[in-house]
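Visitor: The structure that follows is given in the form of structure tokens.
2 protein chains.
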Amino acid sequence: MKALLIVAHGSRREQSNQEVLELANTLTQQGNHGFDIIEAAFLELADTLIPDGIENCARRGATEIIVLPYFLNSGKHVTRDIPEVITAIKPLYPDINILLTQHIGASPVMLELILETATNKA
Amino acid sequence: MKALLIVAHGSRREQSNQEVLELANTLTQQGNHGFDIIEAAFLELADTLIPDGIENCARRGATEIIVLPYFLNSGKHVTRDIPEVITAIKPLYPDINILLTQHIGASPVMLELILETATNKA
């Protein structure tokens, strides 16, 4: 059972957190992407923190969890904070393969996304 | 002359700002996207603010400037701060068509970007 855990920063503004949860829901409903489980969690300032997100995936039967930082820049949250949380949590789930990806800002698809948004201008 | 102005939040960490400038450079070099000019600017915490970015585009001969918020969430920066700056600046450039797009987090391509990043896991 393969899980994707989208990790955003988290905001005091509930709607911002909700947008990330909706992203996970939309991906779940879209299907056809090889993930049996898609969850979202937050680094801080929200109810569902990264350990909660990992636990949610584990409880749903995940044997592999891909942790994806939903961040644009390679700041300390991406380079230090999230890796530290993941390193600390791995020993608690010895039977689950937990892998951390690049942050989304590093994706080559970002160029395409920018141009798509710019072309469908408001 | 069509310009794209990528507007990021701005960071005290110079490398984060640099990443946005590099994104603009990469798009410029890539070409084949219909933009004659691509610039980056920041809402705050950086040297090149939005008025500077608009002025840079104007000085390079832009007749249309597409302003693209490089933000993931629809927080107050996206819904209030950036539109206010753009509204205030438009009368200063009566001969330039200045248009504000959605923020990148609202793009349907974001789903594809997430899956691409998750699949090419570290």
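Residue numbers (this note's numbering), protein chains in the order written: chain A, 1 to 122; chain B, 1 to 122. Where a beta carbon is used, it is the ideal one built from N, C-alpha and C, also for glycine. Owing to the predicted nature of the structure, the values given are computational and were not obtained by experimental measurement.
(1) Should G156(B) be flagged as near chain A, meaning a C-beta pair shorter than 8 Å?
(2) For A40(B), which residues from the same chain have a beta carbon less than 6 Å from its beta carbon, with the 5 sequence-adjacent residues on both sides left out?
(3) Using the Cα positions of L100(B) and H77(A), report the straight-line distance between them to the nearest angstrom.
(4) With a cut-off of 8 Å, does the C-beta of V109(A) fall near any C-beta of chain B?
(5) Report the option in S74(B), L27(B), I38(B) whose CA atom is closest to the CA atom of H103(B).
(6) For chain A, is any of its Cβ atoms less than 8 Å away from the one on Q150(B)?
(7) By the three-class DSSP mapping on this structure, what secondary structure does A40(A) have?
(8) Contact criterion: CB-CB distance below 8 Å. Does G75(A) meet it with respect to chain B?
(9) Check whether the Cβ of L72(A) lies closer than 8 Å to any Cβ atom in chain B.
(10) Within the continuous alpha helix (DSSP H) that includes P83(B), where are the two ends?
(11) Expressed to the nearest angstrom, what Euclidean distance is found between the alpha-carbon atoms of G53(B) and T26(B)?
(12) Apply the 10 Å Cβ neighbour rule to A122(A) and answer buried if 16 or more other Cβ atoms are within range, or exposed otherwise.
(13) Verify whether the separation of the beta carbon atoms of S11(B) and L49(B) is less than 8 Å.
(14) Within 10 angstroms of the Cβ of N32(A), are there 16 or more other Cβ atoms? Answer buried if so, exposed if not.
(15) Counting only Cβ pairs nearer than 7 Å, list the residues of chain B close to I104(A).
(16) Closest to I82(A) by CA distance: which of L92(A), P69(A), R60(A) is it?
Guide: Straight from the coordinates:
(1) This structure cannot speak to residue 156(B), because chain B is shown only from 1 to 122.
(2) I6, V20, L21, A24
(3) 29 Å
(4) yes
(5) S74(B)
(6) Nothing about residue 150(B) can be reported from this structure: the residues present for chain B run from 1 to 122 only.
(7) strand
(8) yes
(9) yes
(10) 82–89
(11) 17 Å
(12) With a pLDDT of 44 at A122(A), under the threshold of 50, the modelled position of this residue cannot be trusted, and the question is left open.
(13) no
(14) exposed
(15) L113, I114, T117
(16) P69(A)
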